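Report on the following structure.
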Amino acid sequence: MNYLKFAGPVIDDAMAEVVKQTLLSGWLTSGPQVAAFEQALSARHGGRPTRVFTSATAAMEVAFELCGIGEGDEVITSAMTFFSVGNMIERVGAKTVFVDCDLTSRNINLDQVERAITARTKAIVPTHFSGLPCNMDRLYAIAQKHKLRVIEDAALAIGSSWKGSPIGGFGDIATFSFHPNKNMTTIEGGAAIFADEVEARRAEVLRFHGITKLADGTRDVDYPGGKFNMSDVSACLGLAQLKQLDQWCAARQKLATQYFAKLSFVADRLGLSMPAPAYAGEETGHSWNMFCVLLPLAQMTISRKQFIDAMHAQQIGIGVSYEAMHLSTLFRSKGHREGEHPHAERIARETVTLPLHPSMTFADVDRVCSAMIDLIRSHQRQAA
Ligand SMILES: *Cc1c(COP(=O)(O)O)cnc(C)c1O
Numbered sequence: 171m172n173y174l175k176f177a178g179p180v181i182d183d184a185m186a187e188v189v190k191q192t193l194l195s196g197w198l199t200s201g202p203q204v205a206a207f208e209q210a211l212s213a214r215h216g217g218r219p220t221r222v223f224t225s226a227t228a229a230m231e232v233a234f235e236l237c238g239i240g241e242g243d244e245v246i247t248s249a250m251t252f253f254s255v256g257n258m259i260e261r262v263g264a265k266t267v268f269v270d271c272d273l274t275s276r277n278i279n280l281d282q283v284e285r286a287i288t289a290r291t292k293a294i295v296p297t298h299f300s301g302l303p304c305n306m307d308r309l310y311a312i313a314q315k316h317k318l319r320v321i322e323d324a325a326l327a328i329g330s331s332w333k334g335s336p337i338g339g340f341g342d343i344a345t346f347s348f349h350p351n352k353n354m355t356t357i358e359g360g361a362a363i364f365a366d367e368v369e370a371r372r373a374e375v376l377r378f379h380g381i382t383k384l385a386d387g388t389r390d391v392d393y394p395g396g397k398f399n400m401s402d403v404s405a406c407l408g409l410a411q412l413k414q415l416d417q418w419c420a421a422r423q424k425l426a427t428q429y430f431a432k433l434s435f436v437a438d439r440l441g442l443s444m445p446a447p448a449y450a451g452e453e454t455g456h457s458w459n460m461f462c463v464l465l466p467l468a469q470m471t472i473s474r475k476q477f478i479d480a481m482h483a484q485q486i487g488i489g490v491s492y493e494a495m496h497l498s499t500l501f502r503s504k505g506h507r508e509g510e511h512p513h514a515e516r517i518a519r520e521t522v523t524l525p526l527h528p529s530m531t532f533a534d535v536d537r538v539c540s541a542m543i544d545l546i547r548s549h550q551r552q553a554a
């Protein structure tokens, strides 16, 4: 039986060929492929200004700098997201203000966002967890009312939509990731989509040393920019991947549906918590980057680590997304403690990510479900 990874990219011969052509083209770093990739991403997102970066993390750091977020500012985000979000807020010198997430959708709790807003709040950074969009109507109503920037962590949401519009195709700034575990890859890479062409041009400066060109042919720097430009080799792979994205998202949707079909009828009896199928019905287009469940650990005689190891022994890869960010050593050192965000903390303890990527078959899904159900059943605590 071959090992079933929990995530992974699809790379075919045609993609390897375009990479080879770019390698042999004589132009490796940012050039015509980057321009073409940005153009194609923009076209998918309502023609909005788009720039690519070395990662979603880099795109987010530049977005924060662009919005003038820094010392003395507060940025509200969810305790249930990837570390990069808190890291970038702290790196630009701002204060991370955590709120909890919804237990099922795992998306940021917008009631708590509203209560967390102060005179120092500059931005909201919501993560579209596993590719399920946040409630965009409510999010942008809050942002508009309080005149806040929104930088959407859409790392997992390339291919997701809200009421028929792609995530990134409307709103303020959205950042995507093209890490190999996401729905499409450039090996490492990311993008930001802007509402404003002037901001997109400034992002271009910030991603490349802060350099501007002067009329006399020399260069100048007015801001200590980073070095976050994507190579043409990555961009040409991204272009080829983008052409397959819709097909891959459709395959993910079918596999997710198969998970629901196999698990829903036993979930209650097992004490397994399922993900939200979509919380605005037809309004929500889900990229299905991850399929995460909560294990009934309180009723089990084995730990999550033992569960993951036992699945691994059966050639099944399992992920954990995510740890509770406020309980990292970094944020504990700033005074955060257990009990602040109960949903995020419970998810962090109990979550597992089941394999989900377009190369899988329904039989693979069935194998994962059988293995998981057997493990939970055979390690159930006996009722007293
Ligand atoms: C992967 C991921 C990121 C970071 O993406 P990189 O391209 O690796 O920087 C940020 N946020 C979320 C939710 C992610 O899953």
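Position 75 (the sequence shown) corresponds to 245 in this note's numbering; numbering is contiguous. Here a beta-carbon is modelled for each residue, glycine too, at the ideal position from N, C-alpha and C. Note that this is a predicted model, so its numbers are computed, not measured.
When the five nearest sequence neighbours on each side are left out, the beta carbons in the same chain lying within less than 8 Å of the beta carbon of residue 478 are those of 488, 490 and 522, in order along the chain. Contact check for residue 192 against residue 402 passes: the beta carbons are separated by less than 7 Å. Per the DSSP secondary-structure output, residue 322 pairs in a beta bridge with 344. If the five residues before and after residue 421 are omitted, its C-beta is found closer than 7 Å to the C-beta atoms of 528, all from its own chain and listed in chain order. Straight across, the Cα-Cα distance linking residue 264 with residue 244 is about 6 Å. Distances from the CB of residue 360 to the heavy atoms of ligand 1 include at least one below 6 Å.
By the Cβ rule, the segment 431–441 does not count as touching the segment 267–287, because fewer than three pairs are nearer than 8 Å. In this structure, residue 325 has its CB closer than 6 Å to one or more heavy atoms of ligand 1. Comparing alpha-carbon positions, the option among 535, 313 and 312 lying closest to residue 427 turns out to be 535. Rounded to whole angstroms, the separation of the alpha carbons of residue 390 and residue 308 is 42 Å. Checking the 6 Å criterion, the Cβ of residue 461 is out of range of every heavy atom belonging to ligand 1. Relative to the non-hydrogen atoms of ligand 1, the Cβ of residue 316 never comes closer than 6 Å to any of them. When secondary structure is reduced to three states using DSSP, residue 517 falls in the helix class. Around the beta carbon of residue 392, a 10 Å sphere encloses fewer than 16 other beta carbons of the protein chains shown; the residue is thus reported as exposed. Partner residues in the beta bridge of residue 470, as assigned by DSSP, are 550. Pairing residue 256 with residue 495 gives a Cβ-Cβ distance under 7 Å. Residue 429 counts as buried, since at least 16 other C-beta atoms from the protein chains shown sit within 10 angstroms of its C-beta.
Excluding sequence positions up to five before and after residue 546, its CB lies within less than 6 Å of the CB of 440, all in the same chain and listed in chain order. Around the Cβ of residue 366, a 10 Å sphere holds fewer than 16 other Cβ atoms; the residue is exposed. Note on geometry: alpha-carbon atoms of residue 552 and residue 212 lie some 56 Å from one another. DSSP places residue 406 inside the alpha helix (DSSP H), whose first and last residues are 402–412.
Per DSSP, the continuous alpha helix (DSSP H) segment holding residue 254 begins and ends at 253–261.
Between residue 318 and residue 294, the beta carbon gap of about 6 Å places them in contact (Cβ cut-off 8 Å). Around the beta carbon of residue 215, 16 or more other beta carbons sit within 10 angstroms, so the residue counts as buried. Straight-line measurement puts the Cα of residue 325 at about 32 Å from the Cα of residue 472. Relative to ligand 1, the beta carbon of residue 192 is positioned no closer than 6 Å to any heavy atom. Here the segment 218–235 lies against the segment 355–364, with 3 or more beta-carbon pairs under 8 Å apart.
Boundaries of the beta strand (DSSP E) harbouring residue 295: 291–295, taken from the DSSP string.
Between ligand 1 and the CB of residue 496, the shortest heavy atom gap is not smaller than 6 Å. No Cβ-Cβ contact shorter than 7 Å links residue 219 with residue 340. Counting other Cβ atoms within 10 Å of its Cβ, residue 185 reaches 16 or more and is therefore classed as buried.
Per the DSSP secondary-structure output, residue 336 pairs in a beta bridge with 331. Judged by beta-carbon spacing, residue 342 lies beyond the 7 Å limit of residue 368, meaning their Cβ atoms are not closer than that value. Where residue 283 is concerned, the enclosing alpha helix (DSSP H) starts and stops at 280–286. Between the alpha carbons of residue 470 and residue 550 lies a distance of about 5 Å. Under the DSSP assignment, residue 204 falls in the alpha helix (DSSP H) whose first and last residues are 202–214.
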